[in-house]
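When we follow this note's numbering, the leftmost residue of the sequence shown carries the number 4, and every step to the right adds one. Just so you know, even glycine gets a beta-carbon here, dropped at the ideal spot from N, CA and C.
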Amino acid sequence: MYRTFQEARQALAGQRPGDPLTMSIEDARRQQSLYFRALNGRIPEVARSDSHVVQGPHGDIPVRLVSAHRQQKAPCVVFLRGAGFWAGGIDSHLGTIHRLAVLTGCVLAAIDYRRTPEYRYPAQQEEILCVLAWLRRRGAALGLQQDAWVLFGESAGATLALSAALALRDRGAAMPAGLVLFYPNCGGPKTGARPYSRWVWQSYLGNADPQAVPGPVPLLQDLRGLPPMWLGCGTEDPLLADTRDLAGRLEQAGVPRQLALFPAMPHAFVMHAATLQPARLALEQAAQAIRHMFDSSSTETRPS
């Protein structure tokens with residue numbers, strides 16, 4: 004295991020992420036897929052990996068249920084990938100999904116939501132809400148514990164997790180036991196941001212108003228009434244300011260939260276967990292937070 008991100012990156016033998024600013028979207032996705040494949044080494048074995056298709060508002064939505072065991076009635080972690088809304092899928096984040104399944108003992112439900120720029124806000128949010136409703140309806144048949152679920156997201160996936168939780172709150176629907184978010188990209192487009200960041204937000208927003216309430220930018224919303232959150236971010240991440248801002252806003256809203264910072268780690272470092280010790284430790288902390296959320300939820304709802 005490497006201790007520094009520089010060592011882990013050098014071990015990738017020159018593989019680099021795709022760049023949609025200098026490549027066509029098709030070429031950028033192909034390059035990104037090669038990069039993800041290089042990251043997905045040493046994937047832990049699991050006992051269950053079931054593929055499903057959920058009929059959604061924009062067509063079929065692939066969902067995969069992954070568990071390290073065959074236990075019935077297990078809690079569920081709904082996994083929302085990052086990759087800037089525009090890239091990736093279930094297989095691109097398989098290492099993280101399998102490791103979380105092993106570390107938490109939960110069923111991981113990975114949602115392959117549609118990518119930008121072909122589909123823009125609110126398509127991704129609509130698909131996630133559709134799958135959440137499907138999981139709730141079919142939970143018993145799928146081996147899930149009733150009303151025991153957490154939202155997990157990283158980067159763009161953290162944005163979608165927050166947006167989904169806000170939509171559920173506003174609808175008066177059942178809420179997750181908590182949210183676990185790595186380097187959330189939740190502040191919207193900013194003047195002076197990196198060109199890539201501006202492109203990501205424009206591709207996601209399309210003609211949507213980022214200032215709309217309710218709307219696509221979670222940090223512009225009222226955060227009261229949300230479940231507990233665990234936030235993780237590297238100190239070298241461009242989204243560190245967004246993460247800290249979210250932690251402060253949650254405190255003002257009275258939402259229980261914990262912020263974990265990982266020294267010298269850049270954006271998306273958790274995907275290097277196969278070879279990078281700080282990434283492995285970060286996932287272990289996140290898994291511990293998930294287990295605590297389920298334990299706290301059970302204590303709150305257990306009859307006296």
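- If you ignore the 5 residues before and after Ala282, its C-beta comes within less than 6 Å of the C-beta of Phe272, Val273, His275, Ala276, all in its own chain and listed in chain order.
- Rounded to whole angstroms, the gap between the alpha carbons of Leu223 and Arg252 is 10 Å.
- Take the alpha-carbon of Lys193 and the one of Leu262: they are about 23 Å apart.
- With distances taken between CA atoms, Trp204 lies nearest to Ser158 out of Leu229, Leu226, Ser158.
- In the three-state DSSP reduction, Leu229 falls in the coil class, being neither helix nor strand.
- Assigned with DSSP and collapsed to three states, Val49 falls in coil, not helix or strand.
- Cβ neighbours of Ala113 within its own chain (closer than 6 Å, five residues either side excluded): Arg67, Phe82, Ile93, Ile100.
- The beta-bridge partner set that DSSP reports for Ala126 is empty.
- At a Cβ-Cβ threshold of 8 Å, Gly156 and Leu184 count as neighbours.
- Counting other Cβ atoms within 10 Å of its Cβ, Pro219 reaches 16 or more and is therefore classed as buried.
- Straight-line measurement puts the Cα of Gln255 at about 38 Å from the Cα of Ala11.
- With contact defined as three or more Cβ pairs closer than 8 Å, the stretch 22-42 and the stretch 70-81 are not in contact.
- Listed in chain order, the non-local C-beta contacts of Gly181 below 6 Å within the same chain comprise Val153, Pro230, Pro231, Met296, local neighbours out to five positions each way being set aside.
- Val110 places its beta carbon less than 8 Å from that of Gly146.
- Here Leu249 has Pro187, Cys189, Leu222, Leu234 as same chain residues with Cβ atoms under 7 Å from its own Cβ, once five neighbours each way along the sequence are excluded.
- Within the stretch 165-221, the complete alpha helix (DSSP H) runs of at least 4 residues fall at 198-208.
- In the structure shown, the three-state DSSP call for Gly160 is helix.
- Val258: not part of any alpha helix (DSSP H); DSSP gives it neither H nor E.
- Across the structure, Leu171 and Met268 are spaced so that their CA atoms are roughly 32 Å apart.
- Boundaries of the beta strand (DSSP E) around Ile114: 110-114.
- The Cβ neighbour count for Thr238, taken over all protein chains shown within 10 Å, is under 16; the residue is labelled exposed.
- Within its own chain, the residues whose Cβ lies closer than 6 Å to the Cβ of Met4, once the five positions on either side in sequence are excluded, are Gln280, listed in chain order.
- Here the C-alpha atom of Arg260 lies approximately 14 Å from the C-alpha atom of Gln291.
- Leaving aside the five residues that flank Ala285 on each side, the residues in its chain whose CB is nearer than 7 Å to its CB run, in chain order, Gly235, Phe265, Val273.
- For Phe39, the uninterrupted alpha helix (DSSP H) segment begins and ends at 28-42.
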